[in-house]
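S.K.:
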Amino acid sequence: MEFFHLFSILIVLSAAFAYINFRFLKLPNAIGLMLVSLLFSFLILITGNYFPEVKTVIEHRLNEINFSELLLEGMLSFMLFAGAIHIKYADLKSEKLSIMLFSTISVVLSTVIIGYASFYLLNAFGLEVSLINAMLFGSLISPTDPIAVLSILKSAGVSKSLETKIAGESLFNDGVAVVVFITILQLSKPDVDTSFIGVLSLFGQEAIGGILLGLVLGWTGYKLVASIDHYQVEVLVTLAVVMGGYTFAHYTHVSGPLAMVVAGLITGNHGKAYGMSKITAEYVDKFWELIDEILNAILFVLIGLELLIIETSKTIFIVSFILIGVILITRYISVYIPSIFIRLKEQMTKKTLVILTWGGLRGGISIALALSIPISLNRDIWVTITYVVVCFSILVQGMTIAKVAKS
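Converting from the sequence shown to our numbering requires adding 1117 to each position, the first position being numbered 1.
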């Protein structure tokens, strides 16, 4: 029953923040929610100085939440499926080379560069972290989450090709980055085979197994919805695909996130086109769009509240701001190198690279992964840095990407 009350409070706060943004701030949802959550967390911190019992109660409640279980094994599956269900095969096909390279080579490059940079930087400032822990941060901060800025890019008049690159890259690099993150998390445990073959085997099991499971889930879901015409039941089937599929992935040790991306693509394309009526497809779209909005709102509230219970310092904040510059430079490098190969087949201008760099926002996925890190692996440090990077990404980059696109 305690979990129900905690979840109720999160929903109430999320609704309140969303209302404040829509009614008064009128900013894009992710930007507005981040801003209100940031102000709310500062308000609680100030209140806690005058009324310590308020902060004590909130800290006690937050400590009852198992963030790893809630985020990595729960919310993440819904968020990835919700993102995948709105991507069209035709769009992906037209940009398949750039999406494939940006979501694989870019993620790996970014993970390694940011991992090494954060390792040396943190240790130089007297914050002792291991290289494997730093790589964990590199993997969680590498996936971009620019869905919040797509509407801004549309208003800025960017091409459909660029929109597809950003949305497609975001979708697949989320899945790939989560596999990399889980692989590194497993390797950080004692008595694990860290040889090249061992790492490759673990990664292969997660990635290939996840893709195969996603194909089975997507096809099974399609056959089920195609056999009936009842939108309530068909929406329920898509929900079962996500919840049942992710649970199965957990027990078979394959990548649930990749399975959700593949299942979402099949459901959003083959399922809608050949298995659903127009009314059902509309309900499915709206249902998953709402789920995505709610979960992102809850994530921003959670990260704001989490600041109350993590141990941080001025040094960590200084390192965080330095890492913002490192991450932006790394983002440019990680899209520039694959673009060399892409230019052989299609046009890739300097302006496109700048927009891809500045429009590569970090958001919900990074927050979810940071909160799921065990306390023993310096979670407080990584959560603080992630929060600063995501705040800058959404508030500064998100608010200025339209000007960058129009320049």
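Each residue gets a CB set at the ideal place from its N, CA and C atoms; glycine is no exception. In this text, all values refer to a predicted model and were calculated from it rather than measured experimentally.
Does the Cβ-Cβ distance between residue 1235 and residue 1262 come in under 7 Å?
M.R.: no
S.K.: Using the beta-carbon count (16 or more within 10 Å), is residue 1307 buried or exposed?
M.R.: Counting the other CB atoms within 10 Å of its CB gives residue 1307 a total below 16, which places it among the exposed residues.
S.K.: Kindly list the residues whose CB is nearer than 6 Å to the CB of residue 1432, restricted to its own chain and excluding five residues on each side of it in sequence; keep chain order.
M.R.: 1242
S.K.: So residue 1427 and residue 1501 are in contact, right, with Cβ under 8 Å, and what is the actual spacing, rounded?
M.R.: 6 Å
S.K.: Take residue 1488 as the anchor and find which of 1423, 1514, 1439 has the nearest alpha-carbon.
M.R.: 1423
S.K.: To the nearest angstrom, report how far apart residue 1300 and residue 1194 are at their CA atoms.
M.R.: 17 Å
S.K.: Report back the beta-carbon spacing between residue 1374 and residue 1327 to the nearest angstrom; my notes put them in contact at under 8 Å.
M.R.: 7 Å
S.K.: Measure the CB-CB distance between residue 1214 and residue 1459 and report whether it falls below 7 Å.
M.R.: yes
S.K.: So what's residue 1465 in DSSP terms, helix, strand or just coil?
M.R.: In the structure shown, residue 1465 falls within a coil segment according to DSSP collapsed to helix, strand and coil.
S.K.: Considering only C-alpha positions, which residue in the set 1339, 1467, 1154 is nearest to residue 1512?
M.R.: 1154
S.K.: Would you kindly report the start and end of the unbroken alpha helix (DSSP H) that includes residue 1138?
M.R.: Note, residue 1138: premise wrong, no alpha helix (DSSP H); not H, not E.
S.K.: Decide if residue 1291 is buried, meaning its Cβ has at least 16 other Cβ atoms within 10 Å, or exposed.
M.R.: buried
S.K.: Is it buried or exposed, residue 1321, if we count other Cβ atoms within 10 angstroms and call 16 or more buried?
M.R.: exposed
S.K.: What is the DSSP secondary structure of residue 1429, reduced to helix, strand or coil?
M.R.: In the displayed model, residue 1429 falls within coil according to three-state DSSP, outside both helix and strand.
S.K.: Would residue 1148 and residue 1392 be called neighbours here (beta carbons separated by less than 7 Å)?
M.R.: Between residue 1148 and residue 1392, the C-beta gap is not smaller than 7 Å, which leaves the two residues out of contact.
S.K.: Of all the options 1259, 1141, 1412, 1205, which has the alpha carbon lying nearest to the alpha carbon of residue 1278?
M.R.: 1205
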